[in-house]
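**Student:** Pasting a structure below so you can have a look.
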Amino acid sequence: MRDMLSRQAVNLKPSGIRKFFDIVSEMEDALSLGVGEPDFDTPWHIRDEGIYSLEKGRTFYTSNSGLKELREEICNYIKRKQGVTYDPLHEVLITVGGSEAIDIGLRAVINSGDEVLIPQPSFVSYEPCAIMAGGVPVIIELKAENEFRLTAQELEEAITEKTKILILPFPNNPTGAIMERKDLEEIAEVIRKHDILVMSDEIYAELTYKEKHVSIIEMEGMRERTILINGFSKAYAMTGWRLGYACGPREILEQMVKLHQFAIMCAPTTSQYAAVEALRNGDADVQEMRTAYNQRRRYLIHAFQEMGLECFEPFGAFYVFPCIKEFGMTSEEFAERFLAEEKVAVVPGTAFGDCGEGYLRISYAYSLDSLKLAIGKLADFVERLRAERH
Numbered sequence: 004m005r006d007m008l009s010r011q012a013v014n015l016k017p018s019g020i021r022k023f024f025d026i027v028s029e030m031e032d033a034l035s036l037g038v039g040e041p042d043f044d045t046p047w048h049i050r051d052e053g054i055y056s057l058e059k060g061r062t063f064y065t066s067n068s069g070l071k072e073l074r075e076e077i078c079n080y081i082k083r084k085q086g087v088t089y090d091p092l093h094e095v096l097i098t099v100g101g102s103e104a105i106d107i108g109l110r111a112v113i114n115s116g117d118e119v120l121i122p123q124p125s126f127v128s129y130e131p132c133a134i135m136a137g138g139v140p141v142i143i144e145l146k147a148e149n150e151f152r153l154t155a156q157e158l159e160e161a162i163t164e165k166t167k168i169l170i171l172p173f174p175n176n177p178t179g180a181i182m183e184r185k186d187l188e189e190i191a192e193v194i195r196k197h198d199i200l201v202m203s204d205e206i207y208a209e210l211t212y213k214e215k216h217v218s219i220i221e222m223e224g225m226r227e228r229t230i231l232i233n234g235f236s237k238a239y240a241m242t243g244w245r246l247g248y249a250c251g252p253r254e255i256l257e258q259m260v261k262l263h264q265f266a267i268m269c270a271p272t273t274s275q276y277a278a279v280e281a282l283r284n285g286d287a288d289v290q291e292m293r294t295a296y297n298q299r300r301r302y303l304i305h306a307f308q309e310m311g312l313e314c315f316e317p318f319g320a321f322y323v324f325p326c327i328k329e330f331g332m333t334s335e336e337f338a339e340r341f342l343a344e345e346k347v348a349v350v351p352g353t354a355f356g357d358c359g360e361g362y363l364r365i366s367y368a369y370s371l372d373s374l375k376l377a378i379g380k381l382a383d384f385v386e387r388l389r390a391e392r393h
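Numbers given in our numbering equal positions in the sequence shown, counted from 1, plus 3.
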């Protein structure tokens, strides 16, 4: 058969993260610091609610937008956290993870040729989702000297007549960078000036360590032009439950629901019942996990200082992004050699965009014992590399 495959699909680059996962899965006794997945079990009271929903035979489809009860709890949560009000009937959609929300959110607003501003390093799905929606990705390279925050000047310089939407990926994967209120106020001014949309991916909103998370929707005039993305995977250790959500203007959400109808129908019913319990009674669990992550974060920053490895201090998510430029090798070369010689997997910074060259992503969603073992191996490896260069 001629021309069997979609050129668009063929031209998409596979995830740079998967390559190392595949190697680790086949390597005996390998330690991985590459997975962005909490090492905590989903709290028991949340699991119980999921089990109870099955025992009660609640295995039917929900409405396309999701359980009304869950949408109401999401609105209560956002009102409590951000002081912003959404209509649970028309401005909230339950999705299969935050990833689906990103995909259909972009497809709902992009016309062919529209430019999508993507700050990088950032989550691997933004660029391919923009391409699959018919958009043109425009990369804004975030800089270490700015703590990998997006500045108003960088945004202004990237905007053209074709710009449709900015993706705002904070707290950030892979860098752990955050945006504070003053940063967002400056960004919001540029967005209003040029009349563009925002997709704010706040999946790590509960995992901030310097101060309470601030959302762009809190800024004047931004709720009306923002697709807010969040979910349950990171904060509640519910990755396998595959549940996220989007909030935004009714006009956009109506189109997202339509795309969701045809592609998905509805998010998993059992997961939705469990998520209601998470939002109602999960604050203490989130605090416990956040405290543990913060302990691990501080351990890693201190360990990097001890081994003389340059790394800015991250204040969000559960990743650090140390610089390895001193060793004169690419991120991928460093990661491959570290894996081969020390049996520890980390992710090359280039998996999150070309400007991630010279960096590694290390996840601290692992026990402190595992981190100490792996970082001890990294210290030995770094010492060996420095000896080789002298």
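Even glycine gets a Cβ: it sits at the ideal position worked out from N, Cα and C.
Buried or exposed: where does residue 315 fall if 16 or more other Cβ atoms within 10 Å of its Cβ makes it buried?
**Tutor:** Buried, because 16 or more other Cβ atoms sit within 10 Å of the Cβ of residue 315.
**Student:** Residue 138 and residue 275: beta carbons closer than 7 Å?
**Tutor:** Taking 7 Å as the Cβ cut-off, residue 138 and residue 275 do not qualify as a contacting pair.
**Student:** Could you tell me which residues DSSP pairs with residue 172 in its beta bridges?
**Tutor:** Looking at the DSSP assignment, residue 172 forms no beta bridge with any residue, so it has no partner.
**Student:** Let me know the secondary structure DSSP gives residue 122 once reduced to three states.
**Tutor:** It is a strand residue.
**Student:** Within the same chain, show all residues whose beta-carbon is closer than 8 Å to that of residue 113, passing over the 5 residues directly before and after it, in chain order.
**Tutor:** If we look at residue 113 and ignore the five residues flanking it on each side, its Cβ neighbours are 119, 133, 136, 137, 138, 167 and 168.
**Student:** Give every residue of the same chain whose Cβ lies closer than 7 Å to the Cβ of residue 131, excluding the five residues on either side of it in the sequence, and list them in chain order.
**Tutor:** Excluding sequence neighbours, residue 131 sits near 15.
**Student:** Name the residue from 63, 84 and 34 whose alpha carbon lies nearest to the alpha carbon of residue 286.
**Tutor:** Ranking the options by Cα distance to residue 286, first place goes to 84.
**Student:** Using DSSP with H/G/I as helix, E/B as strand and the rest coil, what is residue 131?
**Tutor:** Correct three-state label for residue 131: helix.
**Student:** So is residue 299 buried or exposed if we call it buried at 16+ other beta carbons inside 10 Å?
**Tutor:** Label assigned to residue 299: buried.
**Student:** If we ignore side chains and look at the alpha-carbon of each, how far apart do residue 44 and residue 241 end up?
**Tutor:** Residue 44 and residue 241: Cα-Cα distance of roughly 8 Å.
**Student:** Considering just the uninterrupted stretch of the beta strand (DSSP E) at residue 144, what are its terminal residues?
**Tutor:** Its beta strand (DSSP E) spans residues 139-144.
**Student:** In this structure, does DSSP put residue 163 in helix, strand or coil?
**Tutor:** It is coil, neither helix nor strand.
**Student:** Between 375, 111, 67 and 208, which has its C-alpha nearest residue 92's C-alpha?
**Tutor:** Residue 92 has its Cα closest to that of 67, out of 375, 111, 67 and 208.
**Student:** To the nearest whole angstrom, what separates the beta carbons of residue 178 and residue 318, a pair I think is in contact under 8 Å?
**Tutor:** That belief does not hold up - the Cβ atoms of residue 178 and residue 318 are roughly 10 Å apart, past 8 Å.
**Student:** Using a threshold of 7 Å, state whether the C-beta atoms of residue 369 and residue 42 are closer than that.
**Tutor:** The answer is yes: Cβ separation under 7 Å.
**Student:** Alpha carbon to alpha carbon, how far is residue 147 from residue 221? Give it in angstroms, no decimals.
**Tutor:** Cα-Cα distance, rounded: 26 Å.
**Student:** DSSP three-state call for residue 243: helix, strand or coil?
**Tutor:** Of the three classes helix, strand and coil, the one that applies to residue 243 here is helix, per DSSP.
**Student:** By the three-class DSSP mapping on this structure, what secondary structure does residue 294 have?
**Tutor:** Three-state result, residue 294: helix.
**Student:** Quick one: is residue 277 buried, meaning 16 or more other Cβ sit within 10 Å of its Cβ, or exposed?
**Tutor:** So residue 277 ends up on the buried side.
**Student:** Drop a sphere of 10 angstroms on the beta-carbon of residue 47, count the other beta-carbons inside from all chains shown, and report buried for 16 or more, exposed for fewer.
**Tutor:** Label assigned to residue 47: exposed.
**Student:** Taking its Cβ as the centre, do 16 or more other Cβ atoms sit within 10 Å of residue 59, making it buried, or is it exposed?
**Tutor:** Residue 59 is exposed by the Cβ-count criterion.
**Student:** Could I get the ranges of all uninterrupted beta strand (DSSP E) runs contained in the stretch 195-230, with 3 residues as the minimum, in chain order?
**Tutor:** DSSP runs (the beta strand (DSSP E)) wholly in the stretch 195-230: 200-204.
**Student:** Any idea what DSSP makes of residue 99, helix, strand or coil?
**Tutor:** Coil.
**Student:** Taking C-alpha atoms, which residue in 35, 20, 109 and 104 lies nearest to residue 140?
**Tutor:** Considering only alpha carbons, the answer is 109.
**Student:** Which of the three DSSP states is assigned to residue 279 in this structure?
**Tutor:** Three-state result, residue 279: helix.
**Student:** Beta carbon of residue 350, beta carbon of residue 100: below 7 Å?
**Tutor:** Contact flag unset, no.
**Student:** Just mark residue 392 as buried or exposed, buried being the case when its beta carbon has 16 or more other beta carbons within 10 Å.
**Tutor:** The residue in question, residue 392, is exposed, as its Cβ has fewer than 16 Cβ neighbours within 10 Å.
**Student:** For the alpha helix (DSSP H) holding residue 374, just list the boundary residues, first then last.
**Tutor:** 371-391 is the extent of the alpha helix (DSSP H) around residue 374.
**Student:** Taking contact to mean 3 or more Cβ pairs, one atom from each stretch, closer than 8 Å, check whether the stretch 154-166 and the stretch 181-190 are in contact.
**Tutor:** Judged by Cβ distances under 8 Å, the stretch 154-166 makes contact with the stretch 181-190, as three or more pairs qualify.
**Student:** In terms of alpha-carbon separation, which member of 271, 90 and 126 lies closest to residue 106?
**Tutor:** The candidate whose alpha carbon is nearest that of residue 106 is 126.
**Student:** If you count every other CB in all the chains shown that lies within 10 Å of the CB of residue 17, and 16 or more means buried, which is it?
**Tutor:** Exposed, by the Cβ-count rule.
**Student:** Residue 262 lies in the alpha helix (DSSP H); which residues open and close that run?
**Tutor:** Looking at the DSSP string, the run of the alpha helix (DSSP H) that includes residue 262 is 253-266.
**Student:** Look at residue 346 and residue 32 and say whether their C-beta atoms are less than 7 Å apart.
**Tutor:** It is a contact, given that the beta carbons lie within the stated cut-off.
**Student:** Following the continuous alpha helix (DSSP H) through residue 365, name the residue where it begins and the one where it ends.
**Tutor:** Counting along the chain, residue 365 falls outside any alpha helix (DSSP H), though it belongs to the beta strand (DSSP E) covering 363-366.
**Student:** What residues match up with residue 348 in a beta bridge as DSSP calls it?
**Tutor:** 35, per the DSSP bridge assignment.
**Student:** Do residue 94 and residue 256 have their C-beta atoms within less than 7 Å of each other?
**Tutor:** Result yes, Cβ atoms of residue 94 and residue 256 sit closer than 7 Å.
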